[in-house]
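> What follows is a structure written as structure tokens; I'll ask about it next.
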Amino acid sequence: MGQNEPVPSLLLIEDDDAIRTALELSLTRQGHRVATAASGEDGLKLLREQRPDLIVLDVMLPGIDGFEVCRRIRRTDQLPIILLTARSDDIDVVVGLESGADDYVVKPVQGRVLDARIRAVLRRGERESSDSATFGSLVIDRSAMTVTKNGEDLQLTPTELRLLLELSRRPGQALSRQQLLRLVWEHDYLGDSRLVDACVQRLRAKVEDVPSSPTLIRTVRGVGYRLDPPQ
Amino acid sequence: MTQEHQGGLRGWAAARKGVWSRLRLTSLRLRLVVVFGLVALTAAVSASGIAYWLNREAVLTRAQDAVLRDFEQEMQNRAGSLPEHPTQDELQHTAGQMANSSQRFSVLLVAENADGETVYGSSGGLGGFSLTDVPESLRKAVTKEQKVTSANKYPYHLYWQRTVEDDTPYLVAGTRLIGGGPTGYMLKSLEPEAKDLNSLAWSLGIATGLALIGSALLAQALATTVLKPVHRLGVAARRLGEGKLDTRLRVSGTDELADLSRTFNSAAEALEKRVADMAGREAASRRFVADMSHELRTPLTAITAVTEVLEEELESEGGGIDPMIEPAVRLVVSETRRLNDLVENLMEVTRFDAGTARLVLDDVDVADQITACIDARAWLDAVELDAERGIHARLDPRRLDVILANLIGNALKHGGSPVRVSVTAADDEVVIAVRDHGPGIPEDVLPHVFDRFYKASASRPRSEGSGLGLSIALENAHIHGGEITAANSPEGGAVFTLRLPQDASTLAELDSEGSGDAEGSAGDEGKGKDAKGQA
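Sequence lines, in order, name chains A and B. The number in this note's numbering is simply the position in the first sequence, starting from 1, with 786 added. The number in this note's numbering is simply the position in the second sequence, starting from 1, with 38 added.
Listed below in structure tokens is the structure:
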């Protein structure tokens, strides 16, 4: 990160004191501004007060759990959410991604890995070029980083926006899940393809006329996804 | 492929079993019918046989006695009044008179006339009853003079015999007048009696047939009442075997089959309870492991995060750490990492044991995956890769990476470089062989290489691994429907061969891909092709 750029502010919601302290220490050393909350309720309150750039959210919380916190945030805000989960490959991850998380890391997490994920998520919101593209009723304005459908602004998270941008840059061309993981999530070769599937689901829910029979973002069996200009 | 094959075989075997059990049921039914039929047949045939025989005797004897008595009477009254040497005409006349009696038999009288010639007198009733109609033996018996003793008062007796001529039964009898006189024979048709007996035989036969049919129907009904509960029991047992432990039979009656049903029900109940107990215990232990792992992870997460801070301090140029405690910090850092690995592996093992491990499938180029795996662990210098790009497989890339990392890591640790990794595609399989150039695996260790925490010998120093690596690799292969085998190469060194199906999606019901996605994509494909064609 450059010197002139503002230091991103994070909100860490984690109930365990030791983990919260340790992660705060580690993330602060990586150059982030970190606010912490010990419960989902406190976290939601802090979110309204401090407007952080990103949320790191533990799944197992007393009171309302991480999934519910995630769903409540998504009702109003599109800021990036990274889940801290204790399990790598059971239902937790799927539920977490469906509730609107952008990425997840598995405990015990290394500070460096978390930092890399945070930076990758934050980069997704950066604008890159200054043109726009139109797919039927959908208009993607790359300079303003906005997407409109039938003239109405769509509320997309940075990850959803980045996914749409990457797909729209290669219209009609199928991108594999692993390719998308590299392009959007900046994951290494072992990225979790469920991230892509969950994000595509959420994106379809927002941009398609009928999300269950998509006409824009098509599944290419055995390959991945493709953005088609409507006929 | 193999899975499908097995499935096919199993289906075939099940179908055959079904047919077989039906056949067997039918055979029990058949046996019952046959046994019942035999019993009915024996009873009916013996009863009607005895009835027929008794009837026949009674009817014939009665008719016979009446005829013979009449004949004897006539002989005494009419033939006895003839002169000693009657003429032909006299004989004929008398015979005619005798035949006119109530019994309507034909009469033949034989006598000697005055000239010593044999004369015959016959009633013409039966179209000429002659001596040829009388059996030789009867004639002899009649004309034979017997000694008169205290037991035998007369020299001649009345003899009779039944004959059959042109399918008509006849009664033939003959006697000789005592004290000289003509010999008389009579012939009486028994046709009316035979007709009666015939119709009796017919009715008995029909009765037997009815009894047979009745017994068959009875056997059928009995078989149904017996076999229906047996069939129900069979169905229930099969359901129980399929894991539907709440299967119970309706108990009706107090017979043996009801007893059997009761026994089945109590067995099923005991089984259900036992399984529920075990499931409960298993769930409790699974919960314990999950809780424990969470408890372990929480401090470990904190420690890991802080350890990294320490590590950065160690690496920083200034050397912010006291040289005295530096080894201690290094130890904490390295052991924390090891503890992390161990907990991670333990978690993985418990997931496999609990059956909660899931495949997240993706289409990958196998050679690319291996290269990435080797690259990520900086093993490029120590590993020779013999694989062509273009071998694609549908599998869980992260699990493949775990398998490869464990196999190659193990080869590097226990074998020796260079480690050679080769990939071949065969049928529907991808075969990855990892060969090292070490001393190989001792024969007694070979069957245990995939065992958890297996140590070749107690004295052997603790290796760096968690002792779970190869076991986890094997579980990961199994969840794909694949297999890993360990062997020693004839050229030296150990060879681990990993076989994975080219498409593991038939195994995992694609719970990884969003369900809506999977639904949408089926219809999507056709539309997608159209779109491409027009573009």
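Think of the CB as a built atom: it goes at the ideal place given N, C-alpha and C, for glycine as much as any other residue. Note that the structure is a prediction, hence the values are computed from the model and not measured.
Here's the rule: buried if 16 or more other CB atoms are within 10 angstroms of the residue's CB, otherwise exposed. What is D889 (chain A)?
It is buried - the Cβ of D889 (chain A) has at least 16 other Cβ atoms within 10 Å.
> Quick one: does A308 (chain B) have its CB under 8 Å from some CB of chain A?
It does not: the Cβ of A308 (chain B) has no partner Cβ on chain A nearer than 8 Å.
> Rounded to whole angstroms, what is the Cα-Cα separation between G393 (chain B) and S253 (chain B)?
The alpha-carbon atoms of G393 (chain B) and S253 (chain B) are separated by roughly 58 Å.
> Using C-beta distances below 8 Å, list every residue in its chain close to V845 (chain A), excluding the 5 sequence neighbours before and after it, in chain order.
Excluding residues within five positions, the ones whose Cβ falls inside 8 Å are D851, G852, F853, L869, L870, T871, A872, D878 and G882.
> Can you tell me whether V404 (chain B) is buried or exposed? The criterion is at least 16 other CB atoms within 10 Å of its CB, across all chains shown.
Label assigned to V404 (chain B): buried.
> Distance, Cα to Cα, G217 (chain B) vs Y194 (chain B)?
Whole-angstrom Cα-Cα distance: 10 Å.
> Given a limit of 8 Å on CB to CB distance, which residues of the segment 337-367 of chain B reach chain A?
Flagged, chain order: P337, L338, T339, A340, I341, T342, A343, V344, E346, V347 and E350.
> Would you decide whether L538 (chain B) is buried or exposed? Buried here means 16 or more other CB atoms lie within 10 Å of its CB.
Flag for L538 (chain B) reads buried.
> Skipping 5 residues on each side, what residues in its chain have a beta carbon closer than 6 Å to that of G826 (chain A)?
Result list for G826 (chain A): L847, G849, I850 and V855, in chain order.
> Since V440 (chain B) is in the alpha helix (DSSP H), which residue starts that stretch and which ends it?
First-last of the alpha helix (DSSP H) with V440 (chain B): P435 to H452.
> With 16 other CB atoms within 10 Å as the buried threshold, where does R987 (chain A) fall?
Here residue 987 (chain A) is Gln; the residue named in the question, Arg, does not match the sequence. Counting Cβ neighbours within 10 Å, Q987 (chain A) comes out buried, since at least 16 surround it.
> I want to verify the contact list: residues of chain A whose CB lies under 8 Å from the CB of N444 (chain B), in sequence order.
By Cβ distance, chain A contributes nothing, its closest Cβ being about 15 Å from N444 (chain B), past 8 Å.
> With DSSP as the reference, label K893 (chain A) as helix, strand or coil.
Coil at K893 (chain A), not helix or strand.
> In the DSSP assignment, what residue or residues form a beta bridge with A321 (chain B)?
Answer is none; A321 (chain B) lacks a bridge partner.
> Where does T388 (chain B) fall in DSSP's three states?
In the structure shown, T388 (chain B) sits in a helix (DSSP, three-state: H, G or I).
> Where are the beta strand (DSSP E) runs, 3 residues long or more, that stay fully inside the segment 368-412 of chain B, in chain order?
Fully enclosed beta strand (DSSP E) runs of 3 or longer: 400-403.
> I want to see whether chain B comes within less than 8 Å of L969 (chain A), judged by CB atoms only; does it?
No, because no Cβ of chain B sits closer than 8 Å to the Cβ of L969 (chain A).
> Cβ of R437 (chain B) within 8 Å of Cβ of Q540 (chain B)?
Not in contact: R437 (chain B) and Q540 (chain B) (Cβ atoms no closer than 8 Å).
> Rounded to whole angstroms, how far is the Cβ of W198 (chain B) from the Cβ of L106 (chain B), which I believe are closer than 8 Å?
6 Å between Cβ atoms; contact.
> Taking the C-alpha atoms as reference points, what is the distance between L334 (chain B) and K893 (chain A)?
When rounded, the distance between both Cα atoms is 10 Å.
> Name the chain A residues whose beta carbon is nearer than 8 Å to that of V398 (chain B)?
Result: D875, D978, S979 and R980.
> Counting only Cβ-Cβ distances shorter than 8 Å, please list the residues of the segment 425-449 of chain B near chain A, keeping chain order.
Cβ contacts with chain A: R432, P435, R436 and D439.
> Drop a sphere of 10 angstroms on the beta-carbon of K282 (chain B), count the other beta-carbons inside from all chains shown, and report buried for 16 or more, exposed for fewer.
Looking at its Cβ environment, which holds fewer than 16 other Cβ atoms inside 10 Å, K282 (chain B) is exposed.
> According to DSSP, is T99 (chain B) part of a helix, a strand, or is it coil?
It is helical.
> Does DSSP put A343 (chain B) in a helix, a strand or coil?
Residue state, collapsed to three classes: helix.
> Just the C-alpha distance for F109 (chain B) and R94 (chain B), rounded to the nearest angstrom, thanks.
Answer to the nearest angstrom: the Cα atoms are 22 Å apart.
> For the alpha helix (DSSP H) holding M136 (chain B), just list the boundary residues, first then last.
First-last of the alpha helix (DSSP H) with M136 (chain B): Q126 to A137.
> Give a yes or no on whether the minimum CB-CB distance between R335 (chain B) and chain A is below 8 Å.
For R335 (chain B), the answer is yes, since a Cβ of chain A falls inside 8 Å of its Cβ.
> Just to confirm the assignment, what range does the beta strand (DSSP E) spanning I522 (chain B) have?
I522 (chain B) -> beta strand (DSSP E) spans E521 to N526.
> For L70 (chain B), collect the residues of the same chain with a Cβ closer than 7 Å to its Cβ; drop the 5 residues on either side in sequence, then sort them by chain order.
So the qualifying residues of the chain are A257, L260 and A261.
> Between D401 (chain B) and chain A, is the shortest Cβ-Cβ distance under 8 Å, so that the two count as touching?
Yes, because at least one Cβ of chain A sits closer than 8 Å to the Cβ of D401 (chain B).
> Hey, would you say V756 (chain A) sits closer than 8 Å to L949 (chain A), going by beta carbons?
Since the first residue of chain A shown is 787 and the last is 1017, residue 756 (chain A) is not available in this structure.
> Give the residues of chain B in contact with V1009 (chain A), contact being defined as C-beta atoms less than 8 Å apart.
Within 8 Å Cβ-Cβ: D401.
> Since R963 (chain A) meets chain B, which of its residues come closer than 7 Å, beta carbon to beta carbon?
Under the 7 Å cutoff, chain B gives D400.
> Would you kindly report the start and end of the unbroken beta strand (DSSP E) that includes P539 (chain B)?
First-last of the beta strand (DSSP E) with P539 (chain B): A532 to P539.
> Mind pulling the alpha helix (DSSP H) runs of 4 or more residues that sit fully within the segment 821-857 of chain A?
Whole alpha helix (DSSP H) segments, 4+ residues: 826-836.
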